[in-house]
Amino acid sequence: MLIKKAEIKSSEITDKETYLNRRNFMRGAALVATTAATGLLYRGLNSPPPVTREGEKIANIVRPAPDGSGFSTDEAKTPFKSITNYNNFYEFSTDKGGVAGRAQGFVTKPWQVSVEGLVNKPKVYDLDELIKLMPQEERIYRLRCVEGWSMVIPWVGFPLAELLKQVEPTTQARYVAFETLYDPKRMPNQRTGVLDWPYVEGLRLDEAMHPLTILATGLYGEVLPPQDGAPIRLVVPWKYGFKSIKSVVKIKLVTEQPPTTWNIQAPDEYGFYSNVNPNVDHPRWSQADERRIGDLGRRPTLMFNGYAEQVAQLYTGMDLRTNF
Ligand code: MTE
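For the sequence shown, this note's numbering assigns the number 357 to the last residue and increments by one with no breaks.
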């Protein structure tokens with residue numbers, strides 16, 4: 034975001050050839066997934082994990098992404114190594130290449146997510162319980178960072194709307210506020226003043242209820258590595274990456290537009306909406322194009338990150354230059 038660092042060398046990137054085979058296997062295996070299998074999902078998180086925790090499969094993917102409606106792209110997936118070694122996660126490091134190492138061993142069990150505020154049925158969910166409750170889907174989404182790079186990421190997760198329906202938002206609820214864990218012992222960079230902690234984000238209720246908006250618990254069919262926001266993070270594919278808040282502990286339904294970390298940090302540069310819009314430059318650089326990680330050249334950035342067909346109607350009548 035504010036600080037630009039050298040990007041990962043292409044020589045360090047290897048593809049995940051086995052992924053497609055494994056994915057087909059999981060689709061089959063999902064049919065026989067049991068509650069016991071679900072329990073395996075977060076097994077072993079307390080032992081010192083390798084940087085990528087390869088092999089720790091999501092046990093309860095019960096359905097692949099539904100066809101159409103932008104739930105999946107057939108663009109080439111960004112290699113696992115890049116997704117997990119080129120990260121923005123300021124709680125651990127401002128150096129994209131340094132997050133994975135510093136997040137290694139981040140303890141994510143037990144983990145609770147409180148869903149509260151203007152709802153009829155507030156509830157503190159134990160993460161294991163939440164995962165059992167919510168059918169996990171694979172969603173292959175583009176992620177476009179405000180810094181001008183992008184990836185294609187096969188997430189595993191569930192629609193945020195499914196969770197919000199459980200708690201029954203009241204008629205006063207208009208926005209959803211999200212909060213990351215605040216624990217400087219576990220997230221060492223929170224001891225610095227590089228951002229106001231905890232990291233916070235927000236969506237309008239209709240954005241939060243949109244079927245493209247998910248809470249992700251895994252990627253490439255495996256549990257989310259710490260550096261990508263373990264154990265649960267928001268993914269909003271039509272907005273700049275910083276809206277997709279990591280390691281979420283609180284989801285609060287509110288009436289007023291909630292504060293958001295990057296807007297607090299630099300209000301002229303990062304608005305509340307943060308929709309990917311190639312026609313609105315960042316004050317310090319163009320947003321017209323992007324570099325897909327692994328590519329040499331740049332490609333044009335698409336309105337709403339290519340999801341205009343699905344989400345443009347959410348913003349009918351709004352001036353997206355003012356509401357950037
Ligand atoms: N969430 C928290 N809590 N802290 C962060 O620093 N960085 C954001 C977002 N979510 C961030 C965060 C930014 S700037 C981006 S681009 C994405 O996470 C990056 O997600 P990735 O590292 O999984 O690609």
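In this text, a Cβ means the ideal position worked out from N, Cα and C, and glycines have one as well.
Inter-segment contact for the stretch 232 to 250 and the stretch 260 to 279 is present: three or more beta-carbon pairs are separated by less than 8 Å. Of the candidates G103, F104, G131, G131 places its Cα closest to the Cα of I116. A distance below 7 Å between beta-carbons, with the five flanking residues on each side excluded, links T293 to the following residues of its chain, in chain order: V233, E234, G235, F305. The beta carbon of G251 sits closer than 6 Å to those of I91, V189, L257, all from its chain and outside the five residues before and after it, given in chain order. In this structure, the C-beta of L151 stays at least 8 Å away from each heavy atom of the ligand MTE. A heavy atom of the ligand MTE is found nearer than 8 Å to the CB of V179.
Put simply, of E162, D261, P202 the residue whose alpha carbon is nearest the alpha carbon of F125 is D261. The beta-carbon separation of V146 and V282, rounded to 6 Å, stays under the 8 Å limit for a contact.
Distance between V148 and R224, taken at the CA atoms: about 27 Å. Between the ligand MTE and the CB of F357, the shortest heavy atom gap is not smaller than 8 Å. For Q205 against L151, the beta-carbon gap comes to about 5 Å, under 8 Å, which counts as contact.
L176 has its CB nearer than 8 Å to a heavy atom of the ligand MTE. Taking one beta carbon from each stretch, the stretch 208 to 221 and the stretch 160 to 167 have fewer than 3 pairs nearer than 8 Å; the two do not touch. Secondary structure at K198: helix, using DSSP grouped into helix, strand and coil. In the DSSP assignment, W318 is bridged to H315. Going by C-alpha positions, T334 is about 21 Å away from T349. Within its own chain, the residues whose Cβ lies closer than 6 Å to the Cβ of A241, once the five positions on either side in sequence are excluded, are L193, V209, listed in chain order. Between the ligand MTE and the CB of V132, the shortest heavy atom gap is smaller than 8 Å. Beyond the five residues adjoining it in sequence on each side, F357 comes within less than 6 Å, by CB distance, of G304, V313 in the same chain, given in chain order. If you check the C-beta of Q343 against the ligand MTE, you find no heavy atom less than 8 Å away. Linking R317 to I326 through their CA atoms gives a straight-line distance of about 21 Å.
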